[in-house]
Amino acid sequence: MMRWAALSWVVKVLERITLDELDGHDAFANLVRLLDGADDGTAWRARSPSVERLRIALTEVPQRASSLDLAVLLRQAMSREHTRREAAVLPVARVSHARFSDFSDWSKVGLSVTTVGGKRLLSIEPWRPVWLSTDGKEVDSFAASETIRREFNSVGCEGDPFLVSVGRTTYRSRGQRAAVRAALSTPAGGSLVVALPTGEGKSMIFQLIHTVGFVGADQMENKGVTLVIVPTVALGVNHEHEAVEVCGLARPLAFQGGNDEKNAVIAERIASGTQGLCFASPEAACGRLRDPLRRAAEAGLLRALVIDEAHLVDQWGTGFRTEFQELSGLRRELLGAAPSGQAMRTIMLSATLTDSSLETLRALFGAESDFESLAAVQLRPEPDYWIAPVASEAARTDQVMEALHHAPRPAVLYVTEVAAANAWHARLAAAGFRRIRKLHGKTARAEREEIVGEWRTGSIDIVVGTSAFGLGIDYPYARSIIHACIPETLDRFYQEVGRGGRDGRAAMSLIIPTAKDFTIAKKINAQQVISIDRGFERWSTLFARKIRFGKGRIAVRIDGRPGAGERDIDMFGETNTDWNLRTVALMARAGLVRLLGSPYPRIAEEGDWLEVEIIDDHHLDKAVWLKRVEPVRRIGWLASIRNLDLMRKFLSDAHCPASILEELYGNDKVGRTCGRCSICRLYPDRRLATRPVGEPRASWIKPLDPLVADLFDKDLRLLVTYDPTTLPRTASRRLGETFLRLQQARLAKLIQMGAQPFDMTRVLKFAEKSAFFVSDLNSLALSRLPKGPELVLVGAGQTLETQNLNPRQDNPRIFIAPEEQLAPDGRRLRDVFGGRVLTLDEFNARVAQ
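Reminder that position 170 of the sequence shown reads as 195 in our numbering, one-by-one numbering, no gaps.
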């Protein structure tokens, strides 16, 4: 690993030598020279994303940007410089670059021109459109300023020793710490859903699964496969780059179509258990990699199945949910193939999760195993929300076009319908924009990958997209999100707004609605929950065409027509499949069936098949549907209506967005952070106070390992004492060996209270390569370690409270303390403890047996 880290460092040094990285005044001064033709822009680069984007667009070969594209980027860079100067001095640029020679529409992009000595001087004009209530504020300036709204640091967020295996010593946030500890505590065969905000390092979870494994797992040297399912190849390649640098792994790690030679290497290494991390699409995992994965599972070498962007399982129209059905079947097969106690874990990662998504994931990936979820979501502080009054279609067209002549880049223009995406793309191209693409549900996979790749590399400035755009995208520098529609739920709107500002800097959210948008949103919202009559009809038709496997298991053709009536003749394709899947998923939530995924071996007959286990034999009784399915359906229907109502409430522009989002997700489930809106821009003193998200505790409760259970008395209490004045030189080494043995027996938590007489670096050396969690605390009441048994090292002079010493069935503790440690009543603790008491030598000996 050190060799790879050193190589990465050398590459970065060479990059710095090749290109000077400039910031602040120096970067803008060089940009001005480039604009004036006095610099070719190839010997330097800028830290500011806006300055760097303009530099690249001016120097790219072949040239793609139009003069209009460049003019908008120039306004953005100058606006950022204006903020850097604290608005004291208006920046001016002399522009004689050949790329602007044929451009004259400066006022359209908010730039004013003066001519001095035959030279063209440009400065910025404030953008305060008359169709927005701006209260004198500039709409684009805050996003263009690149103001830091969220710090990705880890001040005060103590790390665990094993973080050194991925080049860190601290966590980015308390949420990330909770997520990592919960994931690494997942028992064999268990499933965990993690909701963690974008930018807080979800990728660290699967990197640590590779480098240190799970609590108590028997890790074979250099063996083990962690398969990460990604929705796009581009995301897989990005994860590969990071894993090579952080984990010291050798390529190839990403399974990519059309690269047979590298794919064969991956398949061979998976089968032998030596691949480590692997990134693949659902199709690849269920196709060419299925047999290698099964061989790894049979040998007990498949550590984990990690599903990135797991919320896609329940997202309407993504075209991704059918593939989740196959993953469910693959998972079940691989779990069944593993030796006892060595089944893989299933970890599902997402930035946001609704109750609907969570329940669908539970139905697919948790019906037959331990299933837990953990959320540590903080509302985003980056968005600067702007809400336009309802306009006519013609007025909206003019307003959006004006916005895109000023909005900081890169920008996303969201619409609801495919036809609208096509129309807007054509409209922007006709206006002279060239660094633009469109992406919607009908975009072919290859083209989608190409667009995502261009977005991630900064080659395009505007994407016109439906909700399909965002699939597997983790580009940090998006500055503007514009909605020329009303999303059918506030949840969809918030997820799309979340494409901006992922670098923690300010971003603009602008929504421009029309009256027609409300009708479209209501129609789509109503379509998300099937009626009982239609659902019963669909299921009856699916069941009539079933294939029986025996023992209550059947396969239904999930892409089959819903009925034989006239309205069903033309029902086919992805939308029809979505409806069938939603029907069966609804039945699963109601407890009538259990989803088992795609059958394996595959059914020879044509069509997409889903294996189902019948739980209730009365599943074809309409009365049972009314009694069992209707209550579940109604909950989903009411939640969907509420979600749209909250979208309307947001559009009223009368309430703080943070308070509405708390209402949507639950103020007990998210931490409040106020972005910027019309209220706090006008009345800063009315800004809602930030309420940080708490640190949730993993709740895996498993029976104690026999080794650990034998250490306790019947009340699960143990006190270990020692004389700190007579500790032998070998005490730290022996204690480290004891802790390692306990970690292997699933006791992997340590709380340190105060200074210790042991050499803790030596004691915890093993923990640099093992899943072992350590917290330094002054009070046990502050512990947020996962539930389960734990060690407590009590330093001299530390105070223990009575409640600390009481029996704790779900959280038994082993106290290791000086023999003169006092109890809360002032007496010697060993004399009044009430549980089992051992000396340190006796404790070490028992664990070593």
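Quick reminder that beta carbons are idealized off the backbone N, C-alpha and C, glycines included.
- Taken in chain order, the unbroken stretches of beta strand (DSSP E) that lie wholly in the segment 555 to 583 and span 3 residues or more are 572 to 575 and 578 to 582.
- Shown here for K571: same chain residues with a beta carbon closer than 7 Å to its own, the five before and five after excluded, namely I579, A580 and V581 in chain order.
- For the segment 652 to 715, the continuous alpha helix (DSSP H) assignments of 4+ residues that do not extend past its boundaries occur at 655 to 676, 682 to 690 and 703 to 707, in sequence order.
- Annotation for G238: L209, Q244, G249, R328, S795 and A796 place their beta carbon closer than 8 Å to its own, counting only its chain and skipping 5 residues before and after.
- R833 and A400 have their C-alpha atoms spaced approximately 25 Å apart.
- Per DSSP, D45 is one residue of the beta strand (DSSP E) stretching across D45 to L47.
- Minimum Cα-Cα distance from L743 among the listed residues G779, L818 and W725 corresponds to L818.
- Distance between E427 and K727, taken at the CA atoms: about 60 Å.
- Under the criterion of beta carbons closer than 8 Å, A213 and A723 do not qualify as touching, at roughly 15 Å.
- In this structure the segment 179 to 195 does not touch the segment 164 to 171; the number of beta carbon pairs closer than 8 Å is below three.
- Counting only runs of 3 or more residues that sit fully inside the segment 706 to 791, the beta strand (DSSP E) segments are 742 to 747 and 774 to 778, in chain order.
- Put simply, of E826, D558 and L772 the residue whose alpha carbon is nearest the alpha carbon of D730 is L772.
- DSSP, read as helix, strand or coil, puts K133 in helix.
- The three-state reading of DSSP puts P307 in helix, counting H, G and I together.
- Secondary structure note for D835: it is in no beta strand (DSSP E), with a DSSP letter that is neither H nor E.
- Rounded to whole angstroms, P414 and H680 show a C-alpha spacing of 15 Å.
- The C-beta of R80 has 16 or more other C-beta atoms within 10 Å across all chains shown, which makes the residue buried.
- With fewer than three CB-CB distances shorter than 8 Å, the segment 535 to 550 does not count as touching the segment 445 to 464.
- Here the alpha carbons of K812 and L352 stand approximately 30 Å from one another.
- Exclusion of the five residues before and after A821 leaves P843 as the residues of its chain whose Cβ lies within less than 6 Å of its Cβ.
- Segment contact: the segment 217 to 228 against the segment 188 to 205, three or more CB-CB distances shorter than 8 Å; contact assigned.
- The DSSP assignment places 370 to 375 and 396 to 400 as complete runs of the beta strand (DSSP E) inside the segment 331 to 406, in order along the chain (cut-off: 3 residues).
- Around the beta carbon of Y410, a 10 Å sphere encloses 16 or more other beta carbons of the protein chains shown; the residue is thus reported as buried.
- Each of G143, W725, F737 and N692 was checked against the Cα of G719, and the nearest Cα belongs to N692.
- In the displayed model, V117 falls within coil according to three-state DSSP, outside both helix and strand.
- Counting only the Cα atoms, A770 lies some 51 Å from S505.
- Rounded to whole angstroms, the gap between the alpha carbons of N447 and I666 is 29 Å.
- For a cut-off of 8 Å, the C-beta gap from D94 to R460 is around 5 Å, short enough to register as a contact.
- Residue V253 holds the alpha-carbon nearest to the alpha-carbon of C303 among W156, R697, R673 and V253.
- About 26 Å separates the beta carbons of R153 and L60, which is beyond the 8 Å limit, so they are not a contact pair.
- Out of S121, V164, G526 and E150, the CA that lies nearest to the CA of G142 is found in S121.
- When the Cα atoms are used, H264 and S398 turn out to be separated by approximately 24 Å.
- The segment 497 to 562 is shown to contain whole alpha helix (DSSP H) runs of 4 or more residues at 515 to 522 and 540 to 552, in chain order.
- Across the structure, F494 and N803 are spaced so that their CA atoms are roughly 48 Å apart.
- For L606, the closest of E815, L567 and M369 by C-alpha to C-alpha distance is L567.
- Judged by DSSP in its simplified three-state form, W480 adopts helix.
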